[in-house]
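Structure first, commentary second.
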Amino acid sequence: MKIEKEFLYFRSPTVLAQLDRITVNPNVCLGQPTIRGMRITVGFILKLLASNLSVQEVLAAYPELEDEDIRQALNYAAWTVSEKIVGIPSA
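Counting in this note's numbering, the final residue of the sequence shown is number 72, and the numbers go up one at a time with none missing.
Laid out in structure tokens, this is it:
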């Protein structure tokens, strides 16, 4: 049941409304999703976190970011990948 709730959460239109810090502008960073229109992309934030930096280290390195920016970047990424279905060939 928990998985079903999470699935419904990510598919809910209200999730997009909660991502008010994620902006997409074709004239900024080639239309990639950015944080509050700055030239810091969601993908860049994810790469920093994936390279083992903590949220606090990211915030220290980029003082223009706020904790909520990181949370929304992660939420956006989770929502985005939950919408993609990739076929994996069987062995």
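Backbone N, C-alpha and C fix where the C-beta goes; we use that ideal spot for every residue, glycine too.
- For F(-12), which three-state DSSP category applies? Within the sequence shown, numbered from 1, the residue matching residue -12 stands at position 7. Note that F(-12) scores 42 on pLDDT, short of 50, meaning its location in the model is unreliable; the coordinates nonetheless yield the value given after this. Helix.
- Cβ-based neighbour list, T4, same chain, cut-off 8 Å, excluding 5 preceding and 5 following: Here residue 4 refers to the residue found at position 23 of the sequence shown. Cβ within range, chain order: P14, T15, I16, R17, G18.
- May I ask you to report which of helix, strand or coil DSSP gives M(-18)? Translated into positions along the sequence shown, residue -18 becomes position 1. For M(-18), the pLDDT reaches just 32, beneath the cut-off of 50, and the residue's location in the model is therefore unreliable, although a value from the coordinates is still provided. Note: M(-18) maps to coil in three-state DSSP.
- Item | Residue from N8, Q37, L55, P44 with nearest C-alpha to G24 | Taking the sequence shown and counting its residues from 1, one reaches residue 24 at position 43. Among N8, Q37, L55, P44, the Cα nearest to that of G24 is on L55.
- Task: From the DSSP output, in three-state form, read off D1 for me.
- Result: By 1-based counting over the sequence shown, the position of residue 1 is 20. DSSP places D1 in coil when its eight states are reduced to three.
- Message: Between which residues of its own chain and E45 is the CB-CB distance below 7 Å, once the five residues before and five after are set aside?
- Response: Taking the first residue of the sequence shown as 1, we reach residue 45 at position 64. Result list for E45: M19, in chain order.
- Message: For A42 and S63, I'd like the C-alpha separation in whole angstroms.
- Response: Looking up residue 42 in the sequence shown gives position 61. Looking up residue 63 in the sequence shown gives position 82. Roughly 29 Å between the two C-alpha positions.
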